[in-house]
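Just so you know, the protein sequences line up as chains A and B, in that order.
The first sequence begins at 320 in the numbering used here and counts up by one.
The second sequence begins at 565 in the numbering used here and counts up by one.
Every residue gets a Cβ at the ideal spot worked out from N, C-alpha and C, and that includes glycine.
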Amino acid sequence: MGPGPVRDIATFADALRSRGMTVTPDQMTDMTRSLGLVDPARRSQVHAALRSLAVTDPSQREIFDEEFDHFFSRSHRSRSTEPKGSSLLAASAVSQVKQRVGDEGTDDAVTHDGASAVENVSGRDIADLDDDQLAEARRLVSAMFWRPTDFRTRRWVLDDAGRRPDMRRTLHAGVGPEGDLMRLEMRRRRTRQRPLIIIADISGSMERYADLFLFFAHAAQHRLEHVEVFTFSTRLTRITDDLAKRDARTALASAGRTVTDWSGGTMIGEAFAAWNRMWSRRMARGRPVAMILSDGWDCGDPELLAVETARLARSVGSLIWLNPLAGRTDYTPATRGMRTVLPHVDHLLPAASIDDLRDLVRLLDTMAR
Amino acid sequence: MIPSTVEELGAALEGHDYFASEDLTVAIHLALHLGRPLFLEGEAGVGKTEVAKVLARLNGGELIRLQCYEGLDIGQALYEWDYARQMLEIRLIEARGEGSKVDARDIMSREFLIARPLLQAIERSSPSQRAVLLVDELDRADEEFEAFLLEILSDFQVSIPEIGTVKAEAPPIVVLTSNRTREIHDALKRRCIYHWIDYPDPDLEAAIVRRKVPGIEEELAGTLATAMARLRDMDLFKPPGVAETLDWAESLRLLSHGGLTSGLVDQTLGVVLKYKDDIDVVRGLGVEQLVR
Numbered sequence: 320m321g322p323g324p325v326r327d328i329a330t331f332a333d334a335l336r337s338r339g340m341t342v343t344p345d346q347m348t349d350m351t352r353s354l355g356l357v358d359p360a361r362r363s364q365v366h367a368a369l370r371s372l373a374v375t376d377p378s379q380r381e382i383f384d385e386e387f388d389h390f391f392s393r394s395h396r397s398r399s400t401e402p403k404g405s406s407l408l409a410a411s412a413v414s415q416v417k418q419r420v421g422d423e424g425t426d427d428a429v430t431h432d433g434a435s436a437v438e439n440v441s442g443r444d445i446a447d448l449d450d451d452q453l454a455e456a457r458r459l460v461s462a463m464f465w466r467p468t469d470f471r472t473r474r475w476v477l478d479d480a481g482r483r484p485d486m487r488r489t490l491h492a493g494v495g496p497e498g499d500l501m502r503l504e505m506r507r508r509r510t511r512q513r514p515l516i517i518i519a520d521i522s523g524s525m526e527r528y529a530d531l532f533l534f535f536a537h538a539a540q541h542r543l544e545h546v547e548v549f550t551f552s553t554r555l556t557r558i559t560d561d562l563a564k565r566d567a568r569t570a571l572a573s574a575g576r577t578v579t580d581w582s583g584g585t586m587i588g589e590a591f592a593a594w595n596r597m598w599s600r601r602m603a604r605g606r607p608v609a610m611i612l613s614d615g616w617d618c619g620d621p622e623l624l625a626v627e628t629a630r631l632a633r634s635v636g637s638l639i640w641l642n643p644l645a646g647r648t649d650y651t652p653a654t655r656g657m658r659t660v661l662p663h664v665d666h667l668l669p670a671a672s673i674d675d676l677r678d679l680v681r682l683l684d685t686m687a688r
Numbered sequence: 565m566i567p568s569t570v571e572e573l574g575a576a577l578e579g580h581d582y583f584a585s586e587d588l589t590v591a592i593h594l595a596l597h598l599g600r601p602l603f604l605e606g607e608a609g610v611g612k613t614e615v616a617k618v619l620a621r622l623n624g625g626e627l628i629r630l631q632c633y634e635g636l637d638i639g640q641a642l643y644e645w646d647y648a649r650q651m652l653e654i655r656l657i658e659a660r661g662e663g664s665k666v667d668a669r670d671i672m673s674r675e676f677l678i679a680r681p682l683l684q685a686i687e688r689s690s691p692s693q694r695a696v697l698l699v700d701e702l703d704r705a706d707e708e709f710e711a712f713l714l715e716i717l718s719d720f721q722v723s724i725p726e727i728g729t730v731k732a733e734a735p736p737i738v739v740l741t742s743n744r745t746r747e748i749h750d751a752l753k754r755r756c757i758y759h760w761i762d763y764p765d766p767d768l769e770a771a772i773v774r775r776k777v778p779g780i781e782e783e784l785a786g787t788l789a790t791a792m793a794r795l796r797d798m799d800l801f802k803p804p805g806v807a808e809t810l811d812w813a814e815s816l817r818l819l820s821h822g823g824l825t826s827g828l829v830d831q832t833l834g835v836v837l838k839y840k841d842d843i844d845v846v847r848g849l850g851v852e853q854l855v856r
C-alpha cells in the first residue's frame, strides 16, 4: 500500500463498484482499519482482509479477486470500465432473434425443430404487437384473478377468531383493579401466498411462445408476492432481477441481455438438474407452485430428464406444465420428453398465443386451489 | 485471551483442534478486533458452527447458541415473560387480600422475565469475558427476524417496555452461519465480516482427520481425504462435508483392519452420502474409483 491507504481504498472501492458490487462508506472505513490489523507485507492477508469486508456473496469472489490482482499488482492507473452498449443497441436479444428470423423470410409457417410446423398461430408474438395490442395483452393479464394458494407460516398474528391464546397480551390486558377478570387475547398462524416459480424453455422450437410467456411472467412477478423466473435452452439462467424492472419492454430487453442461449438446443433434464442443485433448496419454503413452459422437445439425456423432473416435482408443492401444443384438440403427448415428464406433472395446460393466454388465465382462475 | 496477530490466532485455533485456512483466520482476526459479527457461509458440514465453539473455548467465555427456524420470534430469541409465575404471583397477592392493589409492575419485573439467547448474550458479556453468541443457520429464520437481528447487532441493547433498556457491557463475539438455503439480506451481511468456507484440500482434511479421530492410521487418513476430494468432484446432489469425513473415519476405525478396500467403501457409503440417487451415481461409476 502506498502512503494514502484511505485514498487507495476509495479508488479500489470505485473499481469494485464499476464491476457492479456495492461498497458502502462503512465498509470502506472497515477496510481501511483492517489494513492496520494484518501484516501489510503479506499480500494474502491483505487480500483475505479486504475480501472478507467487501464481498457479501460467493458470486462476487471472482470479481473481487480480479480487481484485487489488478489493483495491487500494477500501478493504480485508472482503468476504463467495461464497454457499455450504447442505448441504441439496448434492444433485447429477443428482438434481435426475431429480426434474424424475419430476415429469413419466414412467417407463421416457419419450421424449426419440427415442433411447431403445422401449428396455426392464432395469437402473435409479443414482439410483433403494436401498442394497442400490447395494452390489450396487459389488460388481459392484469385481469387475472388467479394466484397461488396460501400456506401457513410459523408466525402468529392477533385474531379474535384465532384458536390459541396470546399469553403476553392476555396478561398485559388482564391485570388491573379487577385483576381476576381476564379476557383471553387470541392469535392464529399467519398465512402467506405460496411462491410461484416459472421456468421457461426458450429453445428454437419454443421461441415464438417464449416472449409472450415472459411477458406473462413479468406481469405475474409484479402482481404476486413472490415470483422467481428462469429460462433455459442449453443452460439455466435466472432472470428474476431483470424482470423486476417495472416497464415490461425494458424488463424483457434486460432479460434478453442476461440470457445467452436464446434459441439454442433443448436440454430439459440438464436445466432441471441445474435448478435442483442451485435453487431447489433455496426456494423450497412455502410449497411453491412451479410453472414450466416447454413443448417437451428434448435433445438431452432422457434418463436424466426422468430423474430430475421427479426430483423437481418432489421439491415443489405443485407442478404446472404449459405446452403450446397442448391446446390442439388432437393433442397427445407424443414427444419422448413429454411422455417422460407427464407422470410428475399435476396440470398440463396450453400456452401458445394471446388466445391461449386468455384460456390459461381462465383455467388457472377456475383451477382447484 | 484474544491473540493479537493473525499468526498467533492461527496457532491458537490449531491448539484447540481447529484447522483454519489463512483466509478464515484473517476473517476471524478482523471480526475479533473490529468488533464486527462474523458471517460464515458454506456447504453443510464444513465447520461453520465449530468456529463459534472453538472461539468460546479460546476466549474462555460462554457459548450462547441461538438455533434459527422459521417463525423464530422475539419470545424465543430475546425474552419472554414467565406467564406461569406471573399467574401464580397474582394468586399469591390475591391470597394476601391485596388483589385490589395489584399493579402491573408487581408482575413485570426482571424476575418474571425469561432471558432467551440474545438477551443472555447481552447480559452475560463483560469486558473481561466477552460471551460468544452463535446464531446458527440464519437462513432458516425468516426476513422479519433478520431485520430484528440487524437492529440488535448494531448496538447490543434491548428496550423492554416494562423494565427499561438493557445494554451489553461489552459487545459479545458474534458468529452467524448460513447454509444458503435462501439469500440473507445484504444489509445484514454488510455489517459483518463475510467468509465463505470451502471444503478443505486433501492435506488439510487428512490433518483434521488425524487430529479429530485419534488412533486412525496415518495412511488411512490420507486415503480418506483423497476419496472425499474425488467424491466432491463427482456430480452429486449433496457432496459430503468434513462432518461426514469424520463420521466415515470413525466408522472405518471400527471396521477396518488395514487399508480402505472397495468392499469396505461400498458397505459404509451410507455414512457419507445421504441421498439414494447419489449412492447410485457413485456405485454406477464404481466405488473402486475412490480408493485407487
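In this structure, THR550(A) sits away from PHE591(A), with a CB-CB distance that is not shorter than 7 Å.
By the CB criterion at 7 Å, ALA332(A) and VAL342(A) fall inside the cutoff. Within chain A, the residues ASP349, ARG352, SER353, LEU356 and LEU372 have their CB atoms less than 9 Å from the CB of LEU598(B), given in chain order. Considered as a whole, the segment 759 to 816 of chain B harbours 766 to 776 and 782 to 797 as its complete alpha helix (DSSP H) runs of no fewer than 4 residues, in chain order. Residue pairing by DSSP places GLY728(B) opposite ILE724(B) in a beta bridge. The alpha carbon of ILE516(A) has as its nearest neighbour, out of ARG633(A), ALA609(A), MET586(A) and GLN379(A), the alpha carbon of ALA609(A). Close to chain A, meaning a Cβ-Cβ distance shorter than 7 Å, are the following residues of the segment 748 to 773 of chain B: ASP750, LYS753, ARG754, ILE757, TYR758, HIS759 and TRP760.
The C-alpha of ILE761(B) is placed about 8 Å away from the C-alpha of GLU607(B). DSSP places VAL696(B) in the strand class (E or B) of the three-state scheme. Judged by DSSP in its simplified three-state form, SER673(B) adopts coil rather than helix or strand. In this structure, DSSP gives SER637(A) an extended state, which the three-state scheme calls strand. Using a Cβ-Cβ cut-off of 7 Å, ALA793(B) does not count as an interface residue toward chain A, since no Cβ of chain A sits closer than that to its own. Under DSSP, PRO484(A) forms a beta bridge with MET505(A). Look at HIS666(A) here: in three-state DSSP terms it is strand.
Distance check between VAL660(A) and each of ILE587(A), TRP598(A) and GLY605(A) places ILE587(A) closest, using alpha-carbon atoms only. Residue TRP475(A) holds the alpha-carbon nearest to the alpha-carbon of ARG508(A) among TRP475(A), HIS537(A) and PRO607(A).
Residues of the segment 617 to 637 of chain A with a C-beta atom less than 9 Å from some C-beta of chain B are VAL626 and ARG630, listed in chain order.
Assignment of ILE654(B) by DSSP, reduced to helix, strand and coil, places it in the helix class.
Interface residue (Cβ-Cβ distance to chain B less than 7 Å): ALA567(A) is not classified as such. Between the alpha carbons of ALA616(B) and SER337(A) lies a distance of about 35 Å. Within chain A, no residue has its CB atom less than 9 Å from the CB of TYR582(B), the nearest being about 17 Å off. Here DSSP, grouped into helix, strand and coil, assigns LEU477(A) to strand. Annotation for ARG674(B): ILE727 place their beta carbon closer than 7 Å to its own, counting only its chain and skipping 5 residues before and after.
Closest in alpha carbon position to GLU808(B), among GLY609(B), LEU795(B) and SER718(B), is GLY609(B). Cβ-Cβ distances below 7 Å link ASP811(B) to VAL835 in the same chain, with the five nearest sequence neighbours on each side left out; the list follows chain order. Our two residues, LEU697(B) and MET525(A), have alpha carbons roughly 52 Å apart in a direct line. A direct Cα-Cα distance of roughly 21 Å separates PRO484(A) from ARG511(A).
Within the segment 537 to 560 of chain A, no residue has its Cβ closer than 9 Å to any Cβ of chain B. A Cβ-Cβ contact shorter than 7 Å links ARG630(A) with ASN595(A). In the displayed model, PHE712(B) falls within a helix according to three-state DSSP. For THR741(B), the enclosing beta strand (DSSP E) stretches over residues 737 to 742. Residues PHE549 of the same chain have their beta carbon placed closer than 6 Å to that of ARG557(A), with the five preceding and five following residues left out of the count. Boundaries of the beta strand (DSSP E) around LEU602(B): 602 to 605. Not one beta carbon of chain A lies nearer than 7 Å to the beta carbon of ARG629(B). About 7 Å separates the beta carbon of LEU784(B) from that of GLY823(B), a gap short enough to meet the 8 Å contact definition. Close to chain B, meaning a Cβ-Cβ distance shorter than 9 Å, are the following residues of the segment 474 to 488 of chain A: ARG474, TRP475, MET486 and ARG487.
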